[in-house]
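A.B. asks: 357 is the number that my numbering gives the last residue of the sequence shown; the numbers go up by one with no jumps.
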Amino acid sequence: MFILTKELVFPPVTMADENGLLAMGGDLSIERLLLAYKNGIFPWYGENEPICWWCPDPRFVLFPNELKVSKSMQKIIRERQFRFTINNAFEQVIHHCSKVPRKEQAGTWINKDIINAYTQLHQQGFAHSAEAWIGKELVGGLYGIRLGNIFFGESMFSTKSNASKFAFINFVKQLQTEHVELIDCQVYTEHLESLGAQMIERDKFISILRDNLIS
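#1: In chain order, what are the residue ranges of uninterrupted beta strand (DSSP E) at least 3 long that sit wholly in the stretch 158 to 228?
#2: The alpha helix (DSSP H) with Phe144 in it runs from where to where?
#3: Of all the options Leu324, Ala309, Phe224, which has the alpha carbon lying nearest to the alpha carbon of Lys278?
#4: For Pro185 versus Cys197, is the C-beta spacing smaller than 8 Å?
#5: Beta strand (DSSP E) containing Val358: first to last residue?
#6: Smallest Cα separation from Arg201: which of Asp326, His237, Val242, Ile292?
#7: Taking 8 Å as the cut-off, does the stretch 266 to 284 touch the stretch 322 to 339 (at least 3 CB pairs, one atom from each stretch)?
#8: Straight-line CA distance for Glu233 to Gly295?
#9: Let me make sure I understand the geometry here. Which of Phe347, Ala165, Asp159 has the alpha-carbon closest to that of Leu146?
#10: For Gly168 and Met157, what's the separation of their Cα atoms in angstroms?
#11: Could you name the residues of the same chain whose beta carbon sits closer than 7 Å to that of Ile218, not counting the 5 residues immediately before and after it, in chain order?
#12: So the candidates are Ala274, Leu317, Asn229; which of them puts its Cα closest to the Cα of Ser306?
#13: What do you get for Gly267, buried or exposed, if any count of 16 or more other CB atoms within 10 angstroms of its CB means buried?
#14: Take every Cβ of the stretch 341 to 357, pair it with every Cβ of the stretch 309 to 317, and state whether three or more of those distances are shorter than 8 Å.
#15: Going by C-alpha distance, which of Asp353, Leu289, Ser297 is nearest Ala178?
#16: Are Gln318 and Asn207 closer than 8 Å when you measure CB to CB?
#17: For Asp199, which residues from the same chain have a beta carbon less than 6 Å from its beta carbon, with the 5 sequence-adjacent residues on both sides left out?
Shown next as structure tokens:
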């Protein structure tokens, strides 16, 4: 197990264990987070735990042009049951996401430090949100990091049925127009698989990153 210090460096991702855990420690500075994403690494850890850094193999991703939209979702989009926006309510989105358990956890992994760090990334133009609204009520959304032609999805939430799917589908369609090559979904969920996400080998994932990140 690699223990990070103040030095801005990560071990090679091939050193991750069978679950994808690569290192522990360090901090959530903007510089470290950007370095992590550029190398295909993301933080995820529970409350009262040290920061853990992950790079699983295989990796769960979505190629934007392979997005699947069910007939029921096509109908919802046509009927304009929700209103879609981008970057209109980042802080609201991440706070909503912080209340949603993930990966079968009893609590949340999006703590105050995560919220502060990603809000700073948003203020600097790296983190983005997509929102679904009914009137003036925020009912669904997602947030993540955009570097070059890669979008790294972090979390999504929904308080109304299909709201997060609506936000995700519309956001992916927007990313298609911006020539984004890959959306990193990190780890498997049935929800995202239904929308076209798939597993690929870590080596392929890292290769795509290197070809599409803008330094």
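We put the beta carbon where it would ideally sit given N, CA and C, even for glycine.
C.D. replies: Reading from the atomic positions:
#1: 163 to 167, 194 to 196, 201 to 204, 225 to 228
#2: Note, Phe144: premise wrong, no alpha helix (DSSP H); beta strand (DSSP E) at 144 to 146.
#3: Phe224
#4: no
#5: This structure cannot settle anything about residue 358, because the visible part of the chain is limited to 143 through 357.
#6: Asp326
#7: no
#8: 16 Å
#9: Ala165
#10: 17 Å
#11: Asn304, Phe308
#12: Ala274
#13: exposed
#14: no
#15: Leu289
#16: yes
#17: Arg344
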